[in-house]
Each structure stands twice: as C-alpha cells, then as structure tokens.
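*Asks:*
2 protein chains.
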Amino acid sequence: MLDKRKRSILQAIVDDYISTAEPIGSRTIARKHDLGVSPATIRNEMADLELLGYIEQLHTSSGRIPSAKGYRFYVDSLLAPTQMSDKEIALIKNWYQEKTRHVEEVFQETAKILSKITSNISLVLVPQVTQCAFKYLKFLPFDDCRAILVVVTDTGFVENKVIDIPTGLSFNDLQRIAEHINKRLSGLSFDNIELSILREIQNDMLINVDLFETAIGILKQALVVEKNERLYLGGTTQLLSQPEFKNIEKVKSFLDMLEEEHLLANILQNQKNDGVIVTIGDENKYSGIQDCSMVQATYRIDGQVVGTVAVLGPTRMDYGKVMSVLEFMHNHLGEVLRKYKV
Amino acid sequence: MLDKRKRSILQAIVDDYISTAEPIGSRTIARKHDLGVSPATIRNEMADLELLGYIEQLHTSSGRIPSAKGYRFYVDSLLAPTQMSDKEIALIKNWYQEKTRHVEEVFQETAKILSKITSNISLVLVPQVTQCAFKYLKFLPFDDCRAILVVVTDTGFVENKVIDIPTGLSFNDLQRIAEHINKRLSGLSFDNIELSILREIQNDMLINVDLFETAIGILKQALVVEKNERLYLGGTTQLLSQPEFKNIEKVKSFLDMLEEEHLLANILQNQKNDGVIVTIGDENKYSGIQDCSMVQATYRIDGQVVGTVAVLGPTRMDYGKVMSVLEFMHNHLGEVLRKYKV
DNA sequence: ATTAGCACTCTACAGAGCAGAGTGCTAACA
DNA sequence: TGTTAGCACTCTGCTCTGTAGAGTGCTAAT
Numbered sequence: 001m002l003d004k005r006k007r008s009i010l011q012a013i014v015d016d017y018i019s020t021a022e023p024i025g026s027r028t029i030a031r032k033h034d035l036g037v038s039p040a041t042i043r044n045e046m047a048d049l050e051l052l053g054y055i056e057q058l059h060t061s062s063g064r065i066p067s068a069k070g071y072r073f074y075v076d077s078l079l080a081p082t083q084m085s086d087k088e089i090a091l092i093k094n095w096y097q098e099k100t101r102h103v104e105e106v107f108q109e110t111a112k113i114l115s116k117i118t119s120n121i122s123l124v125l126v127p128q129v130t131q132c133a134f135k136y137l138k139f140l141p142f143d144d145c146r147a148i149l150v151v152v153t154d155t156g157f158v159e160n161k162v163i164d165i166p167t168g169l170s171f172n173d174l175q176r177i178a179e180h181i182n183k184r185l186s187g188l189s190f191d192n193i194e195l196s197i198l199r200e201i202q203n204d205m206l207i208n209v210d211l212f213e214t215a216i217g218i219l220k221q222a223l224v225v226e227k228n229e230r231l232y233l234g235g236t237t238q239l240l241s242q243p244e245f246k247n248i249e250k251v252k253s254f255l256d257m258l259e260e261e262h263l264l265a266n267i268l269q270n271q272k273n274d275g276v277i278v279t280i281g282d283e284n285k286y287s288g289i290q291d292c293s294m295v296q297a298t299y300r301i302d303g304q305v306v307g308t309v310a311v312l313g314p315t316r317m318d319y320g321k322v323m324s325v326l327e328f329m330h331n332h333l334g335e336v337l338r339k340y341k342v
Numbered sequence: 343m344l345d346k347r348k349r350s351i352l353q354a355i356v357d358d359y360i361s362t363a364e365p366i367g368s369r370t371i372a373r374k375h376d377l378g379v380s381p382a383t384i385r386n387e388m389a390d391l392e393l394l395g396y397i398e399q400l401h402t403s404s405g406r407i408p409s410a411k412g413y414r415f416y417v418d419s420l421l422a423p424t425q426m427s428d429k430e431i432a433l434i435k436n437w438y439q440e441k442t443r444h445v446e447e448v449f450q451e452t453a454k455i456l457s458k459i460t461s462n463i464s465l466v467l468v469p470q471v472t473q474c475a476f477k478y479l480k481f482l483p484f485d486d487c488r489a490i491l492v493v494v495t496d497t498g499f500v501e502n503k504v505i506d507i508p509t510g511l512s513f514n515d516l517q518r519i520a521e522h523i524n525k526r527l528s529g530l531s532f533d534n535i536e537l538s539i540l541r542e543i544q545n546d547m548l549i550n551v552d553l554f555e556t557a558i559g560i561l562k563q564a565l566v567v568e569k570n571e572r573l574y575l576g577g578t579t580q581l582l583s584q585p586e587f588k589n590i591e592k593v594k595s596f597l598d599m600l601e602e603e604h605l606l607a608n609i610l611q612n613q614k615n616d617g618v619i620v621t622i623g624d625e626n627k628y629s630g631i632q633d634c635s636m637v638q639a640t641y642r643i644d645g646q647v648v649g650t651v652a653v654l655g656p657t658r659m660d661y662g663k664v665m666s667v668l669e670f671m672h673n674h675l676g677e678v679l680r681k682y683k684v
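Chains as they are written, first to last, in the working numbering: chain L, 1 to 342; chain B, 343 to 684.
1. Using the rule of at least 16 other Cβ atoms within 10 Å of the residue's Cβ for burial, across every protein chain shown, is residue 137 (chain L) buried or exposed?
2. In chain order, what residues of the same chain lie with their CB nearer than 8 Å to the CB of residue 365 (chain B), ignoring the 5 residues before and after it?
3. By a C-beta neighbour count over all protein chains shown, 10 Å radius and 16 as the cutoff for buried, is residue 76 (chain L) buried or exposed?
4. Where does residue 403 (chain B) sit, in a helix, a strand or coil, going by DSSP?
5. Between which two residues does the beta strand (DSSP E) carrying residue 297 (chain L) extend?
6. At the level of alpha carbons, what is the spacing between residue 683 (chain B) and residue 498 (chain B)?
7. In terms of residue numbering, what span does the beta strand (DSSP E) encompassing residue 506 (chain B) cover?
8. Is residue 579 (chain B) close to chain L, meaning its C-beta is less than 8 Å from at least one C-beta of that chain?
9. Let me confirm a value: residue 425 (chain B) is counted as buried when at least 16 other C-beta atoms fall within 10 Å, else exposed. Which label applies?
10. Return the bridge partner residues of residue 478 (chain B) from the DSSP annotation.
11. Taking 8 Å as the CB-CB cut-off, is residue 582 (chain B) touching chain L?
12. From the DSSP output, read off the bridge partner residues of residue 111 (chain L).
13. So what's residue 425 (chain B) in DSSP terms, helix, strand or just coil?
14. Return no unless some Cβ of chain L is closer than 8 Å to the Cβ of residue 484 (chain B).
15. Can you tell me which of the three DSSP states residue 260 (chain L) falls into?
16. Taking residue 127 (chain L) as part of the beta strand (DSSP E), name the residues at either end of that continuous run.
17. Hey, residue 513 (chain B) and residue 483 (chain B): beta-carbon distance below 8 Å or not?
18. Report yes or no: is there a C-beta of chain L within less than 8 Å of the C-beta of residue 684 (chain B)?
19. For residue 355 (chain B) and residue 659 (chain B), what's the separation of their Cα atoms in angstroms?
20. Could you pull the start and end residues of the alpha helix (DSSP H) that residue 354 (chain B) belongs to?
21. Contact between the segment 322 to 335 of chain L and the segment 84 to 98 of chain L is defined here as three or more beta-carbon pairs at a separation below 8 Å; is this criterion met?
22. Against residue 594 (chain B), what residues of chain L qualify as contacts under a CB-to-CB distance less than 9 Å, listed in chain order?
23. For my contact list, residue 190 (chain L) and residue 132 (chain L) are in at a C-beta cut-off of 8 Å; report their separation, rounded to the angstrom.
24. CB-CB under 7 Å to residue 364 (chain L), same chain, minus the five flanking residues each way: which ones, in chain order?
25. For chain B, check one thing: does any of its Cβ atoms lie closer than 8 Å to the Cβ of residue 280 (chain L)?
26. Would you call the CB atoms of residue 599 (chain B) and residue 621 (chain B) closer than 8 Å?
27. Count the other CB atoms within 10 Å of the CB of residue 108 (chain L); is the residue buried (16 or more) or exposed (fewer)?
28. Which same chain residues, not among the five before or five after residue 387 (chain B), have their C-beta less than 7 Å away from its C-beta?
29. Can you find the residues in the same chain that come closer than 7 Å, C-beta to C-beta, to residue 520 (chain B), ignoring five residues on each side of it along the sequence?
30. Near residue 300 (chain L), which residues of its chain fall below 6 Å by C-beta distance, leaving aside the five closest residues on each side in sequence?
31. Along the segment 491 to 514 of chain B, where does the CB come closer than 8 Å to a CB of chain L? Name the residues.
32. What is the DSSP secondary structure of residue 278 (chain L), counted as helix, strand or coil?
33. Kindly list the residues whose CB is nearer than 8 Å to the CB of residue 374 (chain B), restricted to its own chain and excluding five residues on each side of it in sequence; keep chain order.
34. In its own chain, which residues sit with a C-beta less than 7 Å from the C-beta of residue 517 (chain B), not counting the 5 before and 5 after it?
35. May I ask you to list the residues that DSSP assigns as paired with residue 656 (chain B)?
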C-alpha cells in the first residue's frame, strides 16, 4: 500500500495529466500542489512510483504519465465518488423532454448527451427484443397482393413490415393464422419461441406446410430486423478534439474499428455486474481499444437489466466525470425510457 | 472556345490533379501525355490558360491546379460520359440483395455504397411522407390505458406509436374516430391535409372537442416523426483519406457543418432538374461547402421524383466516376426501392 | 529524511543551406 | 510565326545545427 505522500503525488500526476495531456515533472507538482516538500523529494518519490509501476516516462528526461496500473489505483482508491450537480441533472432531464418523442430517439439522444458531457465517444446498447415477450401480431390490409405485418411486444416495441401475401392465401387466411399464433405464443419471450413450438402450432392448424413456413419466415424476419441496429454511437467527432488523436492515421483506424459494431456490442453485452464498471487500457479484452479506457453501466426497466451504456475514450479521461454521468444513467435511464416510450 | 491543344493540356492537368492531388508542371505533362511538343510550349499554353482563368498557381514557382472554372469546363466539355462497368453494377445489385430487408436499410446501404465507391461523403435524402398519400390509420390494442396508432401511406410507409388513450375514451371510441378520419382523408397527400378539413371532420362527428384535438395531435405527431431523420449520411470517415483534409481542424469544422442536417437537406431539396447535376466550388450557395463540389441526382418511384442522392467531396474529385455512379442511382434506385420495400 | 546544486538528457523550435521542381523570359531555330 | 533550348530566378521541403527549456538522477550538505 502506498503511503500518504505517494498517494498525493500520484493523484497530482493523474489529475494534471488528465487535464493537460502533458507529462508532469516534479517542479510542476511542487508548484501547483502544496505538498510542503521540494521538487527533489518529489523526484525521489516519483522514482519509487515508477519502480512500482504506477507511472511511466516517455523518455529519459520527460515528466511522468500515469500507467494503466496508476489509473486503476486512481479510480479504485483516490477518486472521491462524485455526483452530478443539480444543474447538470436538470439540463439532461430538460434535454430528454425537448428532444425525445420516440423510443429510438431516447437512445439516440442518450448517446448525444453522453458524448457531449464527457467529450468522448458514447455507446448505447439497446435492449434486445428477444428479451421481451411476444404480445401479438396482426395483419393489416394494404392491397390485393400485399399486407402489413405488425408485431407487438409487451414492452411496447412495435415492428412492422410490408409483405407479399403468399399466392393461394386470402387476407382472411392470414388473420386466422395470426389468431392461432397469438393464442399459442402470447406472453412467451422471443428467446423461448423455439421451432418446436412453431411445429406444434402448424400441426394444430392443419394448414398447408408451405403457407405456414411463409408465415413463420415473416415473423422471423421481423425479429431479425429488430436485432439489427441495436447499437447507437455518439460523438465520434469528439475524438478529433483529443490530443491523443492528433495523428490522423490513428483516428482513421480507430473509426474503422468502431464500424465493426458487433464487436463493441459483444463487449457491452458481456457485462455481468449491475452498475458502473471501469476498464482501463489493456484490461480490455478486445485489442482494438487496448490503449483506451471504457466506462460502462447497465440500465434497467422494472428492476431488470435490459441494456448497457458506455463511454469510450483515451485512458487519459476524466474518470470522475464520466463515472458520475454513467452512474446517473444507470439510475435514471430506465425511468426516462418508461416515461417517454411505453 | 479553347483550341484543341489547350483542351488537351487542360484535360491533362485536371486528370493528373484528380489522381495525384499535386500541382502539375509543364515537364510532367510533356512526360506523361504524348502531346508532341516540348515543356516550353506547354508552359506558354499554360500561361494562356491561367490568364483565361482555367488554372491557378499556388505560388510563383509551383505547378498549376485547375480552378473552379477549369473543373466546370472539364465536366461540361472534356469529360466523356462513362457508364459503370457490368461488374460494378452486378456488385451493387448483389449488395442490395444481401443487406437490405427494410426500406430504411435501402437508404442506409445506398449511402454506404456511394461513399465506398466514390471515396467521398454521400447523402441520401429520403422521400418525405408529406408527398405521399394518406391511406389509413388504425388503432391496435395494447393495454387498458394505452393503444398503438399505426399510420399507413399509399407507398407502403408504416409509422407506429404507442399512445395513451385519453381519459374518457374507450378503445371502441378510438376505432370510430379512426374510421371517420379514414373515410375523409384516405387518398389525400399529407401536404393537403389542412386544418380546415380536420375541422370539418370534427363537426361531422359531433364529438368532444378535446378528444378530437387529441386524436389529431397524435396524427400530427406521427407525421413529425416521419419528417425527422430523413437524411442519411455515409462515409464521413472517407474524408480522412483525402489529402485536402490532412489538417485536422478542417476535418473537424467540416464534420460539425455536416451535423447541421437541415441545411444539407435544403440544398438537396432545391434541385429542380431531373437528372445528374454537378455544382463546383463557389457555385454552391451554402458557404460551408464552397471549397467542395457536390454531384447530385434525383431518383423516382413510378416516374415521380421522390428524393435525391448526392456525393460531396473536395473540388478535386473524380467527376467521371461519381457522375456515372449517380447516373446509375438516378435510373435504378427507384427500382430497388420498389423491389425491396413495397 | 530532506534538500540544494550540478551535470546530463531530451524535445521543440528556429534558422541556414541545399536539392528539386517549376516558372518566365530571351534568343535561336525551322 | 510558332516552337524550342537555355538560363536565371523562385518557392518548397528536407536536413542539419544550435539553443532554450524542462526534467532527471546523483551527490553532498543540512
């Protein structure tokens, strides 16, 4: 365990580096932070800290910057848990009120809010429909050869698709099929709708196999659609403001990486604990972001975890601020979704 | 009118500059293009071309680059109209087939295709629902206090929203309201649905003013939703590959500008002619893109222009390629939309 | 244990010098 | 008269050099 002075010095280094992005020297610390000791003493302490692996040097005569281990210690032991100010909270609530009418907009605006406040990239993982329960589906008339299929979940997600009516089927047939399916599937989560159940329904109905396949195909298609586009990204342009992305090549490869949406979605999905989690540098499993840090938080509807929000940025990020914002989202995003959507 | 040799030289300059992004000197032209004259002669011709305003010099001893006027002449008189190769066309068609299931995806993938092929930013302006005709609306049950409103247009757009059932109204009341509205509005374009008609309906129905206001409010809300998000952007990261955006500040201000979506949407909407249009440099009205060029093209469904696609990039863009791709979209996007959507 | 002093190291920046590419002008040539 | 070779000139971009500034580690004194 570090003694008090070492902790103060480490804290000074991390704080300063986060705000200036410049390596910190012993004189700077002595000047800015009143530790009551001379730069020389600080130098000795810094040499110790470097030996212990908490800070690093870019070259022999440069100041020190925090290592991943240093950030980790800072986040775990030095950072006083802060809350967002009432003013900021009011601002966010107002933002939601003004800009969101649709569910999708809540996710999108959440991504915008997060990136705006933290000046970093934000990710919002949308609840997967497969975790919701099927409520009913319904066919609406469109014209002689087409109909509109509407699928409704218990959480109020509504998905629709214009479909061709299979030849040989009347609109009434479709309605009968819908009724049957609804009777059997209503209340089941999409994850639990297995082919076996669908087969049963088919037997019950004694209808032509082909027609049934078509109907199920349509249902599946609607589900596929819902699965897509379930990750909202925000603030990719914020990158350009960060000094670590002065190099345009770096920006490019990073943005290309971001387009591999499913990878990011996987990372977010794998969060086990409920709450705010910080992953620093090479603690990240996914190599594309090993020189970045990610702070993520789950959010819940009716007490159940349905999705994750996250902020991704250079390891040199304002952990205090980012964590407080995500803490807020962790506690309140469910409420917002509830209020605006369903 | 320029004589043949001047035209060849101008063409050489534009072609080379488009592919290398470097100013072109007289020797380079003599070497690469077999014009049968010495660099000195070319120098004289270039001096003339500069005087006439077709080319420019960055500093006294640099090579020449095309001016806006030069590009204009190139596009109008030097560029042989090219068509996309069969291979490319097959590639695009295949892309649509694999990646698009939903209408929205057609727009999104169109943006991706355009930016990928042209290495520039692409814009896809989605048909506004207000140009379509209202077909019908329908309420679907959700729970005791909420219902789902579905609005259907004649082109197959379906919009839905979960709404609170106004207190005092039963689900049956909603259905009666829907029937009435459908009877009166079906077939009208959204642009033509004026408040006056809505008032008439209200009188017909002899229902409580408040309730009616609520119903109309809901309808309007659905329309507002449809109006949003009608511009798809693609390939913003392509910018970073262009040498004119080496400067990171430039990239940043440009991306910020792009976020003002409505401005871009306006530019695209104002296209009067049906077909492919090229706007070079300061021919652009909107100052944010006056050092860029934009190539835009309308697309049609059933012969009627419903939207615009465009490619935006530095004036130094491959006009031949961009124009051929947009020509293709002009002719075929309607088909694709028709095939995949309705 | 702390600190002042000192020699040393590394970066960032500015200026000098040079090679390379390009130009305009002039005079010679077909 | 149109074309060309030759030449002096200009501007950029690169490398090299020197210097100021910040920072370090070590040593010896407090």
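C-beta atoms are modelled at their ideal positions from N, C-alpha and C, and glycine is treated no differently.
*Replies:* Per the coordinate set shown:
1. buried
2. 359, 399, 400, 404, 405, 406, 407
3. exposed
4. coil
5. 292 to 301
6. For residue 683 (chain B), the pLDDT reaches just 47, beneath the cut-off of 50, and the residue's location in the model is therefore unreliable, leaving the point undetermined.
7. 500 to 506
8. yes
9. exposed
10. B:494
11. yes
12. Partner(s): none; residue 111 (chain L) has no beta bridge.
13. coil
14. yes
15. coil
16. Neither: residue 127 (chain L) is in no beta strand (DSSP E) and is coded neither H nor E.
17. yes
18. Residue placement at residue 684 (chain B) is flagged as unreliable, the pLDDT there being 43, under the threshold of 50; the coordinate-derived value follows with that caveat. Yes, residue 684 (chain B) lies at the interface with chain L (some Cβ there is under 8 Å from its Cβ).
19. 13 Å
20. 346 to 362
21. yes
22. 237, 240, 241
23. 7 Å
24. There is simply no residue 364 (chain L) to check, as chain L begins at 1 and stops at 342 in what is shown.
25. no
26. no
27. buried
28. 347, 348, 351
29. 479, 480, 481
30. 334
31. 492, 494, 498, 500, 502, 503, 504
32. strand
33. 354, 358
34. 481
35. B:634
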